[in-house]
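Visitor:
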């Protein structure tokens, strides 16, 4: 069980986030759910890179080679995406504000009614 | 599409996706396993280049080209936000009401602001040694600046934040990253190859060749980007109003 | 697993569970208090983990959380001030209990670390943690509107 | 080795993510997302990824909540202003 539990948690977080996006009645809430989906990818990546009994491959306070280390590649992938993901969230929120200015609502259902 | 139809589509698609994902889980390498071929090679290579923080070595040396892509996304989303949230013709600026902030909060903000800025710089500067780097430190420093909004009011923040300067800083940092990359090309090797500077002594601030330079460029880029983004949002939320609305 | 990580596990399971429950349900006042307590609980947990894993460099995380956690709470205190005015949240007992827990963890870790650079970092983190926690909960309890009269 | 710790951190993140989706009011969701950010940072530390944890703390504790709350405020103010002119 332990060998797949982290992956299952990542799957659960991703699917929950998707459910939230589709059923959302407020675009700001949908953007928040997208942030939840993003965090699923970080959990998955870091779970793939983990090694039992390992420690971070940062050698400022441990001697190289003295302890097993976890995989740094996936950490580098997740690390950049956390920050870049936040700016993309900002871009989406800017779009939501624009939608609210143009149409006076942020409910996706009302918006699709406006389009006809 | 009505809500009910949409829910059904979601239920069917979601169930299919869930089944596929769960079926894929046992096929992944088992959690905590000992085989990490890429990780082992990266650690070896990073130690050969005297970079103590392997993750910084991946980001700013071994896969620096990927980080250039991330930089592009960051830059593009900042430009997109600035364009989307500019002041339109039917809007006007209303001076925000001065906020009443209690004395303990104000004192706390003014004491923590320099500490947080310093921590941000520390996190950027030690990026190639201890956990941290340009991405994290930039966000910390930029967030610290907004303690002025929380501890005083929006006008105090505007006084220390000439937004044009940060936009220029954003562009300068992005081009600094590119120039460091092209310098490798001029030096007779590949774009963004870490051959320009000596690798230095392991676990000192000047170690890792071009890693500290690229790290600093990213730190500046992220800090300026976050300040510009938040400035647009604060403008919209605090100052800009629709002309006919009031 | 050693004593440090075992303590961290216990705090995470009990305190973390309680704050998630508190932030997801109930009136707005309770939710903001739970958010504030979550950062001030996570900070000592991170310190305990740094000690348990034998990695002093992990203390940077606790330092950043001690700095930015209260800032996040101040964001909510500022932007939800109107909604919170009606029923100012006051969870004095829980706030002080968490502050005392954080201070205890910092003091114990200082005693273990002994005098030096690591101890200074721990003390700075602890001071920021406790001060930030108390100021943020004060701000939530109406600190932003408190000075309108004086 | 540190299995219980990993399991607790994973379950905490899963519970928090579920709560973040289930809470429908954007202001209250921003509060849950702030807690989710902290829980994720602890999980990343447990998975020995302090760099990612630091990133998540820097972004999740103050930046994302501030962006979300400012957007909510802007949208609310517009809707209120619209109500007044009608």
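Chains as they are written, first to last, in the numbering used here: chain C, 155 to 270; chain W, 13 to 258; chain P, 15 to 164; chain Y, 1393 to 1478. Cβ atoms here follow ideal geometry from the backbone N, Cα and C, with glycine treated the same way.
1. Within its chain, find whatever has a CB closer than 7 Å to the CB of residue 254 of chain W; leave out the 5 residues flanking it on each side and keep chain order.
2. Determine the extent of the beta strand (DSSP E) in which residue 105 of chain W is found, giving its start and end residues.
3. If you reduce the DSSP assignment to three classes, tell me which class residue 30 of chain P lands in.
4. Since I believe residue 164 of chain C is in contact with residue 1456 of chain Y (beta carbons under 8 Å), could you give me their beta-carbon distance rounded to a whole number of angstroms?
5. Between the C-alpha atoms of residue 182 of chain W and residue 230 of chain W, what's the straight-line distance to the nearest angstrom?
6. Could you check whether the Cβ of residue 26 of chain P sits closer than 7 Å to any Cβ belonging to chain W?
7. Tell me, please, which residues DSSP counts as bridged to residue 212 of chain C.
8. Since residue 160 of chain W contacts residue 214 of chain C with CB under 8 Å, what's their CB separation in whole angstroms?
9. Specify the secondary structure class of residue 179 of chain C as computed by DSSP and reduced to three states.
10. Mind pulling the chain C residues with CB within less than 8 Å of residue 71 of chain W?
11. For the 8 Å Cβ check, are there 3 or more pairs between the segment 242-252 of chain C and the segment 173-181 of chain W?
12. Report yes if the C-beta of residue 1396 of chain Y is less than 6 Å from at least one heavy atom of the ligand MN; otherwise report no.
13. So for residue 205 of chain C, helix, strand or coil by DSSP?
14. In whole angstroms, give me the CA-to-CA distance for residue 1398 of chain Y and residue 52 of chain W.
15. Report yes if the CB atom of residue 193 of chain W is closer than 7 Å to the CB atom of residue 204 of chain W, and no otherwise.
16. State buried or exposed for residue 260 of chain C, treating a residue as buried only when at least 16 other CB atoms are found within 10 Å of its CB.
17. Hey, how far is the Cα of residue 156 of chain W from the Cα of residue 246 of chain W?
18. So residue 26 of chain W packs on residue 173 of chain C, CB below 8 Å; how close in whole Å?
19. List in chain order: all unbroken alpha helix (DSSP H) runs of 4+ residues lying wholly within the segment 46-94 of chain P.
20. Got a sec: which bits of the segment 53-76 of chain P sit with their beta carbon under 8 Å from any beta carbon on chain W, in order along the chain?
21. Check the Cβ of residue 172 of chain C against every Cβ in chain W and list those closer than 7 Å, keeping chain order.
22. What is the C-beta distance between residue 93 of chain P and residue 46 of chain P, in whole angstroms, given that I count them as a contact (C-beta under 8 Å)?
23. Please list, in chain order, the chain P residues whose beta carbon lies closer than 9 Å to that of residue 210 of chain C.
24. Using only the alpha-carbon positions, how far apart do residue 1393 of chain Y and residue 207 of chain C sit?
25. Please determine, among C/177, C/156 and C/211, the residue with the shortest C-alpha to C-alpha distance to residue 220 of chain C.
26. Are residue 51 of chain P and residue 112 of chain P touching if we call contact CB-CB under 7 Å?
Guide: In terms of the structure at hand:
1. Within the second chain, residue 254 of chain W is the residue found at index 242, counting from 1. Excluding residues within five positions, the ones whose Cβ falls inside 7 Å are 102 and 103.
2. Taking the second chain and counting its residues from 1, one reaches residue 105 of chain W at position 93. 103-105 is the span of the beta strand (DSSP E), which, as asked, contains residue 105 of chain W.
3. The residue you call residue 30 of chain P lines up with position 16 of the third chain. When DSSP states are grouped into helix, strand and coil, residue 30 of chain P belongs to the helix group.
4. Here residue 1456 of chain Y refers to the residue found at position 64 of the fourth chain. Here residue 164 of chain C refers to the residue found at position 10 of the first chain. So it is not a contact: roughly 20 Å between Cβ atoms.
5. By 1-based counting over the second chain, the position of residue 182 of chain W is 170. By 1-based counting over the second chain, the position of residue 230 of chain W is 218. If I take the Cα positions, the gap works out to 9 Å.
6. Numbered from its first residue, the third chain carries residue 26 of chain P at position 12. By this cut-off, residue 26 of chain P is not an interface position.
7. In the first chain, counting from the first residue as 1, residue 212 of chain C sits at position 58. Answer by DSSP bridge pairing, in chain order: W/65.
8. Here residue 160 of chain W refers to the residue found at position 148 when the second chain is read from its first residue. Here residue 214 of chain C refers to the residue found at position 60 when the first chain is read from its first residue. About 33 Å separates the two Cβ atoms, so there is no contact after all.
9. Start at 1 with the first residue of the first chain, and residue 179 of chain C comes out as number 25. If DSSP states are grouped into helix, strand and coil, residue 179 of chain C belongs with coil.
10. Counting from 1 along the second chain, the entry for residue 71 of chain W is found at position 59. Residues of chain C passing the Cβ test: 230, 233 and 234.
11. no
12. This structure lacks the ligand MN, and indeed carries no ligand of any kind.
13. Here residue 205 of chain C is taken as the residue at index 51 of the first chain, counted from 1. Note: residue 205 of chain C maps to strand in three-state DSSP.
14. As a working note, residue 1398 of chain Y is residue 6 in the fourth chain. As a working note, residue 52 of chain W is residue 40 in the second chain. Straight-line Cα distance between these residues: approximately 23 Å.
15. Taking the second chain and counting its residues from 1, the one referred to as residue 193 of chain W is at position 181. Taking the second chain and counting its residues from 1, the one referred to as residue 204 of chain W is at position 192. Closer than 7 Å, so yes.
16. Numbered from 1 along the first chain, position 106 holds the residue referred to as residue 260 of chain C. Buried is the call here.
17. Reading the second chain from its first residue, position 144 is the one you call residue 156 of chain W. Reading the second chain from its first residue, position 234 is the one you call residue 246 of chain W. Those two C-alpha atoms are separated by around 15 Å.
18. Numbered from 1 along the second chain, position 14 holds the residue referred to as residue 26 of chain W. Numbered from 1 along the first chain, position 19 holds the residue referred to as residue 173 of chain C. With 8 Å as the limit, residue 26 of chain W and residue 173 of chain C qualify as a contact, their Cβ atoms being about 7 Å apart.
19. Entirely contained in the segment 46-94 of chain P, the alpha helix (DSSP H) runs reaching 4 residues are, in chain order, 73-93.
20. 71, 72, 74 and 75
21. For the purposes of this step, residue 172 of chain C is taken as the residue at position 18 of the first chain. By Cβ distance, chain W contributes 26.
22. The residue given as residue 93 of chain P occupies position 79 in the third chain. The residue given as residue 46 of chain P occupies position 32 in the third chain. Contact flag wrong, Cβ pair sits at about 11 Å.
23. For this step, residue 210 of chain C is matched to residue 56 along the first chain. By Cβ distance, chain P contributes 67, 69, 71 and 72.
24. By 1-based counting over the fourth chain, the position of residue 1393 of chain Y is 1. By 1-based counting over the first chain, the position of residue 207 of chain C is 53. In this predicted model, residue 1393 of chain Y has a pLDDT of only 49, less than 50, meaning its place in the structure is not dependable enough to derive any value.
25. Looking up residue 220 of chain C in the first chain gives position 66. When each option's Cα is compared against that of residue 220 of chain C, the closest is C/211.
26. Position 37 of the third chain, counting from 1, holds the residue named residue 51 of chain P. Position 98 of the third chain, counting from 1, holds the residue named residue 112 of chain P. Contact: yes.
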